[in-house]
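Heads up: the structure comes next, in structure tokens.
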Amino acid sequence: MIKKSNVEYNGETFKLEGKEIQEKETRAKDLAGYFLDSAAYQQLDPETLMYRVEFQDNGLVEGTPGGLYFGITHLCPGVVGEEYFLTKGHFHAKRDTGEYYFGLQGHGLLMMTENGETQLEAVVPGSIHYIPGNTAHCLINTGTGMLSVSACWQTESGHDYLPSEEMFPQRVLRDTTSVPVIKMNP
Ligand SMILES: [Fe+2]
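When the letters of the sequence shown are read in order and numbered with UniProt numbering, they come out as residues 1 to 186.
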């Protein structure tokens, strides 16, 4: 007997559908200290939705060796001051574990920092990104629409959310012509 999968990807909405989907929303109030312009951050409605992560709850407990998780991050467009909306970013708690990202919709950047060295990769529909172990990573939405990116990571990876300035020495800001520019932290 051929069985239907429990979860499907909807290519029109860029979302996961099925019975086993878990969702987590991150709002402006959850991102204190993540943006350079603290005055502009204070102006934001604390309930502003910044991003939503959905993933398949495949029953595996985080920390279990050998398994994988699959999810999609939907990062809203916008700026705080002149800094584009971004995800918190993290190291993996098990530092040497890698991860794949796959661009689904929108335009943005994947920022990766290893040993203080930062690399930025353009995220567009169809782009595939390998994030090596020991690398802090976050997404930045430099576009005008939603940035949706799927990810596959190990069940034993876990997440280690260090203060932003400890993970990322650089920031990506919008210049006067709406082009992304890279600035070092002050
Ligand atoms: Fe990760």
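Quick reminder that beta carbons are idealized off the backbone N, C-alpha and C, glycines included.
On a predicted model such as this, the values are computed, not experimentally measured, just so you know.
*asked:* I'd like to check one pair, Gly71 with Val53: are the Cβ atoms closer than 8 Å?
replied: The sequence position of residue 53 within the sequence shown is 53, counting from 1. The sequence position of residue 71 within the sequence shown is 71, counting from 1. A contact, by the Cβ cut-off of 8 Å.
*Listed by chain order, which residues have C-beta atoms less than 7 Å from any heavy atom of ligand 1?*
His90, His92, Glu99, Ile131, His137, Ala151, Trp153, Ser157, His159
*Quick one: does Glu17 have its CB under 8 Å from some CB of chain D?*
The chain labelled as chain D is not found in the depicted structure, where only one protein chain is given.
_Where Lys19 sits in the DSSP three-state scheme_ = Residue 19 sits at position 19 when you count from the first residue of the sequence shown. Coil, per DSSP.
*asked:* Our contact map puts Ile131 next to Met111 with C-beta atoms below 8 Å; I'd like the distance itself, whole angstroms only.
replied: Residue 131 sits at position 131 when you count from the first residue of the sequence shown. Residue 111 sits at position 111 when you count from the first residue of the sequence shown. Not really, about 10 Å apart at Cβ, beyond 8 Å.
*How is Ser150 classed by DSSP in three states: helix, strand or coil?*
Here residue 150 refers to the residue found at position 150 of the sequence shown. In the structure shown, Ser150 sits in a strand (DSSP, three-state: E or B).
*Consult DSSP for Tyr69 and reduce its assignment to one of helix, strand or coil.*
By one-based count along the sequence shown, residue 69 stands at place 69. In this structure, Tyr69 counts as strand in the three-state DSSP scheme.
*State the DSSP-derived secondary structure class of Glu62, mapped to helix, strand or coil.*
Residue 62 sits at position 62 when you count from the first residue of the sequence shown. Three-state result, Glu62: coil.
_Quick check on Ala32: does DSSP put it in helix, strand or coil?_
Taking the first residue of the sequence shown as position 1, residue 32 is located at position 32. Three-state DSSP puts Ala32 in coil, outside helix and strand.
*asked:* Buried or exposed, going by whether 16 or more other CB atoms sit within 10 Å of the CB of Gln56?
replied: Position 56 of the sequence shown, counted from the first residue, corresponds to residue 56. Classification of Gln56: buried, given that the 10 Å Cβ count is 16 or more.
*For Pro125, the nearest candidate out of Phe14, Met167, Leu36 (CA to CA)*: As a working note, residue 125 is residue 125 in the sequence shown. Taking only the C-alpha atoms, the option nearest Pro125 is Phe14.
_Arg171, buried or exposed, once every other Cβ within 10 Å from all chains shown has been counted against 16_ = On the sequence shown, position 171 is the one that residue 171 refers to. The residue is buried, with at least 16 neighbouring Cβ atoms inside 10 Å.
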